[in-house]
Each structure stands twice: as C-alpha cells, then as structure tokens.
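To keep things clear, I will list the structure first and then write my remarks on it.
Numbering (the numbering used here), first residue to last: 7 to 189.
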C-alpha cells in the first residue's frame, strides 16, 4: 500500500486530524419559524431569517468556528436584533438580546464539570455531540479533539439585559444547525 493511499485512508478515518470539521450525527435539531426582514422578536425566541441580506445584519462582532455573530447596534446596551450565520441552509438565525457572545467550549466544560447539578437541554446535547467527536464519556472533558469539535460546534450566550448575569440563555450550535436552547 502506498504512503499516499495510507494517508488518505487515515484522513478519511480521522477527519479532525486532516483539518476537516468532524462529521456529527446530531441528536436532534430545533425547528424554527421564519421571520421577515425588519420584524422584531421577543427575547428568548429564535427564528430563521432567510430574506435578510448580510449587509443588513449590522456589524460582525464575533466568530466561532463556522459561525459569525452580527449586532445591529453594537454600541447600544438595550435589547436589539442580532443575527448568527453559518448554517447549512444558508440562512441567518435572528434573535433579540442586549448582549450576545460565543462561549469557549473548554470554558463550558470547566464550569459544567466543576459545578455538577442538573444538566440542561444544551448540556445534554453537547455531551452527545462531544462523545461522537472526542470519544469520551459524559462528564469528561473532550481533551485532544477539542480544537476539532470547535470547528463546527459553539455555545451562544444571550443576555436579556446588559450587565445582568442572572437573565441569560444558552444556545448550542453544531454541524450547521441550532441543536438546543435554554432560554
């Protein structure tokens, strides 16, 4: 067997080791209703914004793997429309928040495993996805495959009010889909 063929076989079997995003069999995804351009949503609701051009989504303020976060008024502190792109259908996801940011997967694991307690929908879905990519059981950090997992999996934290750490929600994005939300 040639070295090239062996390398290709290893690449196919270990996608993450070749720079490609891992193939993930999602546990379930969330069905979202469409929203028209300019339509506002209440806090806690996510919608599919297929008809909103990227140029009307505001300023790109953050990127996590394949996802980009857009804020329509990044200098404001009140609730406003925000968008996330990077989904399989090519459509953005719209939501309302005073503040939104991507969370680091390693930080999530550190906080989740140190605190214990009940698992949320996003925690449970993350554990399922993490087990596929990282090959570790629930409650264990991803380890060496974390960079690979981060290519197409992200937590998005949205806050109802600026400066309010008690009123927030988490959304899990993976493999180009909204997988779970706790808002």
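Glycine residues also receive a C-beta, built at the ideal position from the N, C-alpha and C atoms.
(message) Can you list, in chain order, the residues of its chain with a C-beta nearer than 8 Å to that of residue 149? Leave out the 5 residues immediately preceding and following it.
(response) Excluding positions up to five away in sequence, the list reads 140 and 142.
(message) Taking the straight line between their C-alpha atoms, what separation do you get for residue 113 and residue 120?
(response) In a straight line, the C-alpha of residue 113 is about 11 Å away from that of residue 120.
(message) Between which two residues does the alpha helix (DSSP H) holding residue 156 run?
(response) For residue 156, the enclosing alpha helix (DSSP H) has its first and last residue at 152 to 156.
(request) Using the Cα positions of residue 80 and residue 92, report the straight-line distance between them to the nearest angstrom. (result) One C-alpha to the other measures close to 20 Å.
(message) Let's test the definition: count the other Cβ atoms within 10 Å of the Cβ of residue 95 and tell me whether it reaches 16, buried, or not, exposed.
(response) Under this definition residue 95 is an exposed residue.
(request) Would you mind sorting residue 117 into buried or exposed? The rule is 16 or more other CB atoms within 10 Å of its CB. (result) When all chains shown are included, residue 117 counts as exposed.
(message) By DSSP's criteria, residue 53 is part of a beta bridge. Which residues make up the other side?
(response) In DSSP, residue 53 forms a bridge with 100.
(message) Going by C-alpha to C-alpha distance, which of 185, 174 and 178 sits closest to residue 49?
(response) Distance from the Cα of residue 49 is smallest, within the candidate group 185, 174 and 178, for 174.
(request) Locate the beta strand (DSSP E) running through residue 128, then write down its first and last residues. (result) Bounds of any beta strand (DSSP E) do not take in residue 128; it lies within the alpha helix (DSSP H) bounded by 127 to 140.
(request) Note the first and the last residue of the continuous beta strand (DSSP E) segment covering residue 78. (result) Judged by DSSP secondary structure, residue 78 falls outside any beta strand (DSSP E); it is assigned neither H nor E.
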